[in-house]
Amino acid sequence: GQAPDPAPALTFPPGFLWGTATASYQIEGAAREDGRTPSIWDVYSHTPGRVLNGDTGDVADDHYHRWREDLDILADLGVGAYRFSVAWPRVQPTGSGPANAKGIDFYSRLVDGLLERGIKPVATLYHWDLPQELEDAGGWPVRETAHRFAEYAGIVADALGDRVPTWTTLNEPWCSAFLGYGSGVHAPGRTDAADSLRAAHHLNLAHGLAVRELRDRLPAGAEVSVTLNLHQVRPVSDSPEDVDAARRIDGTANRVFTGPMLDGAYPQDVRDDTAHLTDWSFVQDGDTALIHQPLDFLGVNYYSPTLVAHDPQGAEHGSDGHGASEHSPWPAGDGVAFHQAPGPRTAMGWGIDPTGLYDLLVRVGREHPGLPVVITENGAAFDDRVGDDGRVDDPERVAYLRGHLSEVHRAIESGVDVRGYFLWSLLDNFEWGYGYSKRFGAVYVDYATQRRIPKSSAHWFGQVARTGTLPRG
Ligand code: GBH
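Okay, structure coming up:
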């Protein structure tokens, strides 16, 4: 017989942005240095029983001290852009008052180091490290936190706005609201469904207020965005019950954010589905108009689709892929069960299905024509090991990336305006509730020595980025 034709090489549009991504608490370490105060993740990770193996971000990848070496690795790979996040408690300790010059200096040096190496800096203002002092004052369920965030956004824009061309307000507010205040598997570990909805609204408000601050301060041409972990929610069957379960999960997974941010209103079905928990009186006059700010692109993080079914037995809690909890992150999820499709999984147990990314991109393109999309995270954890030859060979990650990139290409061919792709993550790092047990990096980190070893996927991705072409496979 004849071998099947290999998949053809796929070329991405000129100017397509290739990058890798990280987040402050996951890589920096130096938790008590240069005026940084504790964030909710310091307190949470230091609380026994919260993070696997008692791991914390105290040292992490020690990137705070090793950033030059890390930027050299990035430059060697030839990937054109780098998405990092700014730690609020470094820049504005305790979440109010003046800027901390030493904290600003760190990000200023980092940005200069990127520019010197010809790498485009993409800054995220909030990747989950809320100053603990603001949590003690009520955290995201409290309206004032949104105003604090806007002030902090202004500080960072004043400091870096002359050199950072691309900005993201929040990373994955779904996780902050529903894992942080609903299921409690993320910091601050609170478990109150009504609070999680309040948190979602105040994160939306924080986004809108911050976009205003950024637009006031950034030079013309700077790009402003938000990153959502949009869920590709699929019903297990066409039955009306399963389809309705998918609608309800889609409501608080996606539309509770895209509604106000992109369309200027909360969907009525989301309000109705959660009316047993709250009367939504936390939404004040003018809020949704404020949240509805023009954006230059939408950032989308995608890992795996979400498969749901109607289940009269009630919710199957803890199925968010983030550890078991008796509490659900789904305020509209009563009577919904989460299923796992058969087939390959990553080390997180997440199903591998690149068609979910295609479907998600096509949906965004259809529902929000004229809004460019950047994939701000995609990647996978696998059980990477250093071989006898000192190399880290990770063909599963190459296959994962190849599969997802070909679906991105297919979405572009279908007319979706996808402008870039960031691999999560540059480095193995602190994977939240899973500590250091899960490795998402293109670069392996030996935590005992802090030695970095680019995995075979790093070399593969670097070539894709340099050539703008997915090779035949
Ligand atoms: C991202 O979170 C983070 O931005 C990043 O910091 C993190 O390291 C990385 O991904 C890897 O985890 O449909 O209920 O089963 C991703 C968090 C993971 C949250 C998948 C939703 C499935 C939800 N998302 N999870 S569910």
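Heads up: take any position in the sequence shown, counting from 1, add 8, and you land on UniProt numbering. Idealized CB from N, CA, C, for every residue including glycine. Since the model is a prediction, treat every value here as computed from it, not as a measurement.
Per the DSSP calculation, Gly307 is bridged to which residue(s)?
Counted from its first residue, the sequence shown places residue 307 at position 299. Thr235, Val382, per the DSSP bridge assignment.
Say yes only if the C-beta of Glu385 is nearer than 7 Å to one or more non-hydrogen atoms of the ligand GBH, and no if none qualify.
Indexing the sequence shown from 1 puts residue 385 at position 377. Yes.
Collapsed DSSP secondary structure at His318 in the structure displayed
Position 310 of the sequence shown holds residue 318. His318 falls in the strand class under three-state DSSP.
Please report the distance separating the alpha-carbon of Gly329 from that of Leu211.
As a working mapping, residue 329 is identified with position 321 in the sequence shown. As a working mapping, residue 211 is identified with position 203 in the sequence shown. Annotation note: pLDDT 45 at Gly329 (below 50); position unreliable, coordinate value reported separately. One C-alpha to the other measures close to 22 Å.
Under the three-state DSSP convention, the category Asn108 falls into
Residue numbering aside, residue 108 sits at position 100 when the sequence shown is read from its first letter. Coil, per DSSP.
In this structure, does DSSP put Val453 in helix, strand or coil?
Along the sequence shown, one-based indexing puts residue 453 at 445. Here Val453 sits in strand by DSSP.
Heavy atom of the ligand GBH within 7 Å of Thr314 beta-carbon
Numbered from its first residue, the sequence shown carries residue 314 at position 306. Yes, the ligand GBH has a heavy atom inside 7 Å of this Cβ.
Could you name the residues of the same chain whose beta carbon sits closer than 8 Å to that of Gly351, not counting the 5 residues immediately before and after it, in chain order?
Walking along the sequence shown from the start, residue 351 turns up at place 343. Result list for Gly351: Gly359, Ile360, Asp361, in chain order.
Contact check, Val278 vs Gly259 under 8 Å by CB: the rounded distance?
Here the question's residue 278 lines up with position 270 in the sequence shown. Here the question's residue 259 lines up with position 251 in the sequence shown. That belief holds up - the Cβ atoms of Val278 and Gly259 are roughly 4 Å apart, short of 8 Å.
Hey, Ala230 and Gly169: beta-carbon distance below 8 Å or not?
Here residue 230 corresponds to residue number 222 of the sequence shown, with the count starting at 1. Here residue 169 corresponds to residue number 161 of the sequence shown, with the count starting at 1. Taking 8 Å as the Cβ cut-off, Ala230 and Gly169 qualify as a contacting pair.
Option in Pro380, Glu421, Ser464 with minimal Cα separation from Phe20
As a working mapping, residue 20 is identified with position 12 in the sequence shown. The candidate whose alpha carbon is nearest that of Phe20 is Glu421.
So Pro129 is in the alpha helix (DSSP H); what residue range does that whole segment cover?
The residue labelled residue 129 in the question sits at position 121 within the sequence shown. Here Pro129 belongs to no alpha helix (DSSP H); instead the beta strand (DSSP E) covers 128-134.
Mapping DSSP to helix, strand and coil, what is Val416?
Here residue 416 corresponds to residue number 408 of the sequence shown, with the count starting at 1. Looking at Val416 - three-state DSSP - the assignment turns out to be helix.
For the region 199-256, which segments carrying the alpha helix (DSSP H) assignment without a break, of at least 4 residues, lie completely within its bounds, in sequence order?
201-225
Using a threshold of 7 Å, is the CB atom of His239 nearer than that to any non-hydrogen atom of the ligand GBH?
On the sequence shown, residue 239 is found 231 positions in, with the first residue counted as 1. Yes.
Alpha carbon to alpha carbon, how far is Ser204 from Asp396?
Along the sequence shown, read from residue 1 onward, the residue named residue 204 stands at position 196. Along the sequence shown, read from residue 1 onward, the residue named residue 396 stands at position 388. So the alpha carbons of these two residues sit roughly 48 Å apart.
Taking 7 Å as the cut-off, is the CB of Tyr311 close to at least one heavy atom of the ligand GBH?
Counting from one through the sequence shown, the residue named residue 311 turns up at place 303. Indeed, a heavy atom of the ligand GBH lies less than 7 Å from the Cβ.
Helix, strand or coil at Trp26 according to DSSP, with G and I counted as helix
Position 18 of the sequence shown, counted from the start, is the residue given in the question as residue 26. Strand, per DSSP.
Does the contact criterion of 3 or more C-beta pairs under 8 Å hold for the region 469-477 versus the region 452-460?
no
If we call anything under 8 Å between Cβ atoms a contact, is Gly37 one with Asp13?
Mapped onto the sequence shown, residue 37 falls at position 29. Mapped onto the sequence shown, residue 13 falls at position 5. Against a cut-off of 8 Å, the Cβ pair of Asp13 and Gly37 comes out as no contact.
How many whole angstroms separate the CB atoms of Ser104 and Arg156, which I take to be in contact at a CB cut-off of 8 Å?
One-based indexing of the sequence shown puts residue 104 at position 96. One-based indexing of the sequence shown puts residue 156 at position 148. Rounded, the Cβ-Cβ distance is 6 Å, consistent with contact.
Candidates Lys463, Asp342, Arg418, of which the one nearest Phe390 by Cα
Reading the sequence shown from its first residue, position 382 is the one you call residue 390. The option with the nearest alpha carbon to Phe390 is Lys463.
For Pro16, does the count of other Cβ atoms within 10 angstroms reach 16, so buried, or fall short, so exposed?
In the sequence shown, residue 16 corresponds to position 8, counting from 1. Burial call: exposed.
Where Ser465 and Pro248 are concerned, what is the direct C-alpha to C-alpha distance, given to the nearest angstrom?
As a working note, residue 465 is residue 457 in the sequence shown. As a working note, residue 248 is residue 240 in the sequence shown. Rounded to the nearest angstrom, the two C-alpha atoms are 42 Å apart.
Identify whether Ala31 lies in helix, strand or coil by the three-state DSSP scheme.
As a first step, residue 31 must be located in the sequence shown, where it is residue number 23. Ala31: coil per DSSP, three-state reduction.
In whole angstroms, what is the alpha-carbon distance linking Gly86 and Thr28?
Stepping through the sequence shown from its first residue, residue 86 is reached at position 78. Stepping through the sequence shown from its first residue, residue 28 is reached at position 20. In a straight line, the C-alpha of Gly86 is about 11 Å away from that of Thr28.
May I ask you to verify whether the region 114-121 touches the region 45-65, counting CB pairs closer than 8 Å and requiring at least 3?
no
Start and end of the alpha helix (DSSP H) containing Trp468?
Here residue 468 refers to the residue found at position 460 of the sequence shown. 464-475 is the extent of the alpha helix (DSSP H) around Trp468.
Taking Cβ positions, are Val424 and Val382 nearer each other than 8 Å?
Position 416 of the sequence shown, counted from the first residue, corresponds to residue 424. Position 374 of the sequence shown, counted from the first residue, corresponds to residue 382. No, these two residues do not count as a Cβ contact at 8 Å.
Please confirm whether any heavy atom of the ligand GBH lies closer than 7 Å to the CB of Ala185.
Reading the sequence shown from its first residue, position 177 is the one you call residue 185. No - the ligand GBH has no heavy atom lying nearer than 7 Å to the Cβ of Ala185.
In this structure, how does DSSP classify Tyr90 when only helix, strand and coil are distinguished?
The residue given as residue 90 occupies position 82 in the sequence shown. If DSSP states are grouped into helix, strand and coil, Tyr90 belongs with the strands.
Are three or more beta carbon pairs between the region 127-140 and the region 174-193 nearer than 8 Å?
yes
Report the option in Leu285, Tyr274, Asn61, Val251 whose CA atom is closest to the CA atom of Ala297.
On the sequence shown, position 289 is the one that residue 297 refers to. Nearest option by C-alpha distance: Tyr274.
State the DSSP-derived secondary structure class of Ser47, mapped to helix, strand or coil.
Along the sequence shown, one-based indexing puts residue 47 at 39. Three-state result, Ser47: strand.
For the alpha helix (DSSP H) that Phe346 lies in, which residues bound it at each end?
Residue numbering aside, residue 346 sits at position 338 when the sequence shown is read from its first letter. Note, Phe346: premise wrong, no alpha helix (DSSP H); beta strand (DSSP E) at 344-347.
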